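A short write-up of the structure that comes next.
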Ligand SMILES: [Zn+2]
Ligand SMILES: [Zn+2]
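Numbering (the numbering used here), first residue to last: 87 to 509.
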């Protein structure tokens, strides 16, 4: 069995189930049940087990930390963009911002899914604000200053970290982490108030809801790929994106004439863009700016600027290369979108959402124009508007160790694609 990040229990048979943190899919190896989980308040939370069992007379509390996992991008003036995986945590209530950091989630120890509403929800800071803070902390470790940086493709959930409450007569209580650092943390009056708020929370009635993993259209079982953000029904050919409370039909486009059984389709987000102030109005001028010596089709003068970005996770370096290469080929993307496809393609999983991909557009553009200083400088200041987007499934042929794009010839190592399903 693969190393699990968290454990939960099967609501059907009670068996322990391995889960990826933040993943709404549960599949039980004992009773074969496959379920989709809807967490209370839309956020998954997990209890971190204390490093040692607290004694029964010890008073303990759990403080929520935002946990983020995603890609960190740093775009530089002179050298190549660096990208790396980040896995980081930040105390979630603003008032506890100064608490020691949990560190990387995989090193934390046993983590168990909390089926109830997490404590202190009303005190939590907004996750995107918390992410900015976490990012700033990572930036402090670097000496060079990038022209643009950020974390994208993040998955946010809450880790509930255990603390012992130490009370001394007549004084404010202190906290001692029951994990990692052992030093006492003295609380100020605001923190003391927040602590009593956390402790006061009565048990909430709302729990995780479990929905059967079946296609809303035809009732067939949907495949349960851990960490998938959208699932393809192998019976009716519809793609369902996994919302926080239900499945949404996802329209997609596919070159129907080119489906062969030996092909694998990789999903991409196809964006139509409007970029102001660069003199790049259409797909033709966009392509000419990248390759001044090449002649794109005249018809591209009537098409908007467009980029394609993988809808699947892959190591950051390849993700970036694939986005820039696939966006700068003369490939024609299948037009229009439909709800289903007559022939059911072999589809690699979608585990990178439209929103996550949209966040990476500027990075991809900066990389495309890495040798064009003037355009890059303008790109940093100019607004890039998304005028439209759709999911496109592009055909790849299986080679010895790689998938090769049928139209553009772009190769992707199969091993990297497989690893990406675990990111
Ligand atoms: Zn079960
Ligand atoms: Zn179906």
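Even glycine gets a Cβ: it sits at the ideal position worked out from N, Cα and C.
Model, not experiment: these values are computed from the prediction.
Going by the DSSP bridge assignment, what does residue 324 pair with across the sheet?
Looking at the DSSP output, residue 324 bridges to 426.
Which ranges does the beta strand (DSSP E) cover as unbroken runs of at least 3 residues, wholly within the region 360–436, from first to last along the chain?
Whole beta strand (DSSP E) segments, 3+ residues: 391–396.
I need the straight-line Cα distance from residue 177 to residue 402, nearest angstrom please.
Rounded to whole angstroms, residue 177 to residue 402 spans 26 Å at the Cα level.
Whole angstroms are fine: how far does the CA of residue 252 sit from the CA of residue 140?
One Cα belongs to residue 140, the other to residue 252, and the distance between them is close to 13 Å.
Between 187, 103, 208, 507, which has its C-alpha nearest residue 271's C-alpha?
Residue 271 has its Cα closest to that of 187, out of 187, 103, 208, 507.
Neighbourhood of residue 450 by C-beta, 8 Å cutoff - its chain only, sequence neighbours within 5 removed
Same-chain partners within the cutoff: 393, 395, 406, 409, 410, 413.
On the criterion of 16 or more Cβ atoms from any shown chain inside 10 Å, does residue 100 qualify as buried, or is it exposed?
Burial state of residue 100 is exposed, judged by a 10 Å Cβ sphere holding fewer than 16 other Cβ atoms.
Collapsed DSSP secondary structure at residue 163 in the structure displayed
For residue 163, the three-state secondary structure derived from DSSP is coil.
Integer Cβ distance of residue 530 from residue 283, believed to fall under 8 Å:
A question about residue 530 goes unanswered here, because the residues of the chain that appear run from 87 up to 509.
Closer than 8 Å by C-beta to residue 368: which residues in its own chain qualify, once you throw out the five before and the five after it? Chain order, please.
Around residue 368, the same chain offers 386, 387, 388, 389, 390, 391 as residues with beta carbons nearer than 8 Å, after the five sequence neighbours per side are excluded.
For residue 204 and residue 179, the rounded distance between their alpha carbons:
Taking the straight line from one Cα to the other gives about 12 Å.
Start and end of the beta strand (DSSP E) containing residue 476?
Looking at the DSSP string, the run of the beta strand (DSSP E) that includes residue 476 is 470–484.
For a quick check, are the C-beta atoms of residue 420 and residue 339 less than 8 Å apart?
Contact: yes.
Taking the continuous alpha helix (DSSP H) assigned at residue 456, which residues delimit it?
Run containing residue 456: none; DSSP gives neither H nor E here.
Using only CA atoms, which one of 172, 305, 308 lies nearest to residue 242?
For the set 172, 305, 308, the Cα lying nearest the Cα of residue 242 is the one of 172.
Tell me whether the region 348–367 and the region 471–486 touch, counting them as touching only if at least three CB pairs, one residue from each stretch, are closer than 8 Å.
Between the region 348–367 and the region 471–486 there are three or more C-beta pairs closer than 8 Å, enough to call the two in contact.
Specify which residues have a beta carbon nearer than 6 Å to any heavy atom of ligand 2, listing them in chain order.
Spelled out in chain order, the answer is 301, 303, 304, 306, 319, 321, 322, 324.
Quick one: residues in its chain with C-beta nearer than 6 Å to the C-beta of residue 278, no 5 flanking neighbours on either side, listed in chain order?
So the list reads 258, once near-sequence residues are dropped.
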